[in-house]
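Participant:
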Amino acid sequence: MDFKIRKIKAREVLDSRGNPTIEADLITKSCCAKAIVPSGASTGIHEALELRDNDNKRYSGKGVLKAVNNVNKIIAKKLIGVDCRKQREIDDILIELDGTENKSKLGANAILAVSMAACKAGAICSHKQIYEYIQKLASSKKLMLPDPMLVVLEGGKHADNSTDFQEFLILPKGAKNFRESLRYGIEVYHCLERVLKSKGYNTNVGNEGAFAPNLNSNEEAVELIAKAIEKAGYSFKQVSIALDSASSEIYENGKYNLKKEKIKLTSDEMIDLYSNWVEKYPIISIEDGLAQDDWNGWQRLNRKLGDKIQIVGDDLLVTNIKRIKKAVELKAANSALIKLNQIGTVTETIMAIQFSKENKFNTILSQRAAETEDTFAADFAVGTSVKEFKFGPTRSERTAKYNRLLRIEEELGNKAKFARL
Ligand code: PGA
Ligand code: ZN
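In the working numbering, the protein residues as written are 1144 to 1564.
Below, the structure is given as structure tokens:
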């Protein structure tokens, strides 16, 4: 059999927010695999660079023709003839070809499209499901279905006139398998819709398919979600709450600007706010509670709440081993959010997950504000056996991932382990 890469071709396609993104086809004698890259709205400053054209005549500067060109003219030439099953070698070539710390020469979007397409082609050529193939790449002992973590209310950069904090999530944890967990979560989501309507709030949705009402305060979001959990008939043991403050976005001149409350808080005052909420509500996880370089604040936050709940770094860690290592050393967090396009290759993402696990950090695979129909993330989560899966809950670009996980669980039958158990 000939597993050599014969052709790589990229093109500009659209993401779920209607912006251009990049798709790559990778072709061998026996298969053709495609991958599309997602994109963030509240992108951290330490993320690998997403290359955009900045040509205002097209898509308000958001075109990705330069990235497409980098794949078709530069990357393809280097990878033709390489065995598509050699993921590490392929990713090393991509990293070396770029040569920069943050993939700013070729663009992390160009690089990731090829890296993901190679991974899918490798799976097809090895006659394996993508999740099985990734399990091998990641040397995961078991295939595991993650806990779904559903964004049910969103604000910040993901919606206008909603909360200052970006995401309010629910984490169903009382169910015996993934399918049931997802049902708990979706039932609460629909109950929240009724709770919001009964209070006269609108139920339009933001970027990730979660409700984005114009509430009176940030805390009201937590109150209403707690109410929806009860109304849906679940206890707080069965379904609990998580936050993603995305607070780098509200950090201005050393303070956190909560416009809803008309107050500006210091790091310590933010930590007090979270401690108070954790006392009052069933909150078990806080992501980006403080800004991406507020390391001292993160240390104090983790000292205060880290033995009770997940303290999750997204913009803080950006799926980058160097920053995860720093957080381990400083005891600045206890969980890592994982996004493939923050670092730009499949291999580096796997390494970030492995390193996090070795250091007892929980791992959460996450969506971006702008997603696509590509379901690679679902297979990736199972193959690397991350603990949680932060997507959705609604809109096809998000449910596509959940539906893929449902199929994987069915396919694995008794072999499927579930993160919760
Ligand atoms: P983003 O949001 O894609 O806008 O970064 C997702 C998140 O912050 O978790
Ligand atoms: Zn986040």
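Glycine is no exception: its CB is placed at the ideal position from the N, C-alpha and C atoms.
Based on DSSP bridge pairs, tell me the residues matched to Pro1356.
Facilitator: In DSSP, Pro1356 forms no bridge with anything.
Participant: Would you please state the rounded distance, in angstroms, between the beta carbons of Asp1234 and Glu1491? I believe it to be under 8 Å.
Facilitator: 7 Å
Participant: Could you have a look at Asp1458 and say whether DSSP puts it in helix, strand or coil?
Facilitator: coil
Participant: Apply the 10 Å Cβ neighbour rule to Met1292 and answer buried if 16 or more other Cβ atoms are within range, or exposed otherwise.
Facilitator: buried
Participant: For Ala1543 and Met1287, which I take to be in contact (beta-carbon distance under 8 Å), what is that distance rounded to the nearest angstrom?
Facilitator: Their Cβ separation, rounded to whole angstroms, is 20 Å, which puts Ala1543 and Met1287 out of contact at 8 Å.
Participant: From Ser1305, Asn1245, Gly1352, Phe1311, pick the residue whose C-alpha is nearest to that of Ser1159; which is it?
Facilitator: Gly1352
Participant: Out of Ser1418, Ala1253, Ile1486, point me to the one whose CA is closest to Lys1451's CA.
Facilitator: Residue Ser1418 is the option with its Cα nearest to Lys1451.
Participant: To the nearest angstrom, report how far apart Gly1349 and Glu1323 are at their CA atoms.
Facilitator: 25 Å
Participant: Quick one: complete alpha helix (DSSP H) runs, 4+ long, within the stretch 1227-1260?
Facilitator: 1230-1241
Participant: Given the structure, does Gln1309 come close to the ligand PGA, in the sense that its CB is under 7 Å from one of the ligand's heavy atoms?
Facilitator: yes
Participant: Answer yes if the stretch 1335-1350 comes into contact with the stretch 1198-1211, meaning at least three C-beta pairs across the two stretches below 8 Å, and no otherwise.
Facilitator: no
Participant: What I want to know is whether the C-beta of Ala1389 ends up closer than 7 Å to one or more non-hydrogen atoms of the ligand ZN.
Facilitator: Relative to the ligand ZN, the nearest heavy atom lies less than 7 Å away from the CB of Ala1389.
Participant: Which ranges does the beta strand (DSSP E) cover as unbroken runs of at least 3 residues, wholly within the stretch 1279-1327, from first to last along the chain?
Facilitator: The DSSP assignment places 1290-1297, 1310-1315 as complete runs of the beta strand (DSSP E) inside the stretch 1279-1327, in order along the chain (cut-off: 3 residues).
Participant: Reducing DSSP to helix, strand and coil, say where Ile1277 ends up.
Facilitator: helix
Participant: In angstroms with no decimal places, state the Cα-to-Cα distance between Gln1497 and Ala1281.
Facilitator: Ala1281 has its alpha-carbon roughly 8 Å from the corresponding atom of Gln1497.
Participant: Can Ile1368 and Ile1427 be called in contact, C-beta distance under 8 Å?
Facilitator: No, the pair does not count as a contact, with Cβ atoms beyond the cut-off.
Participant: In this structure, does DSSP put Asn1546 in helix, strand or coil?
Facilitator: helix
Participant: Could you work out which residue in Asn1347, Lys1423, Lys1402, Ala1256 is closest to Ile1384 when comparing CA atoms only?
Facilitator: Considering only alpha carbons, the answer is Lys1423.
Participant: Could you tell me which residues DSSP pairs with Asn1505 in its beta bridges?
Facilitator: Per DSSP, Ser1478.
Participant: So what's Cys1174 in DSSP terms, helix, strand or just coil?
Facilitator: coil
Participant: For Lys1380, count neighbouring C-beta atoms within 10 Å of its own C-beta (all shown protein chains included) and say buried if the count is 16 or more, exposed if not.
Facilitator: exposed
Participant: With DSSP as the reference, label Thr1490 as helix, strand or coil.
Facilitator: helix
Participant: Using DSSP with H/G/I as helix, E/B as strand and the rest coil, what is Ile1223?
Facilitator: coil
Participant: On the DSSP letters alone, give me the boundaries of the alpha helix (DSSP H) that Asp1387 sits inside.
Facilitator: First-last for Asp1387: 1382-1387, but that is the beta strand (DSSP E), not the alpha helix (DSSP H).
Participant: With respect to 7 Å, is the separation between the Cβ of Ser1428 and the closest non-hydrogen atom of the ligand PGA below this value?
Facilitator: Incorrect: Ser1428 has no Cβ contact closer than 7 Å to the ligand PGA.
Participant: Does the structure place the stretch 1524-1536 close enough to the stretch 1263-1278 that three or more beta carbon pairs sit under 8 Å?
Facilitator: yes
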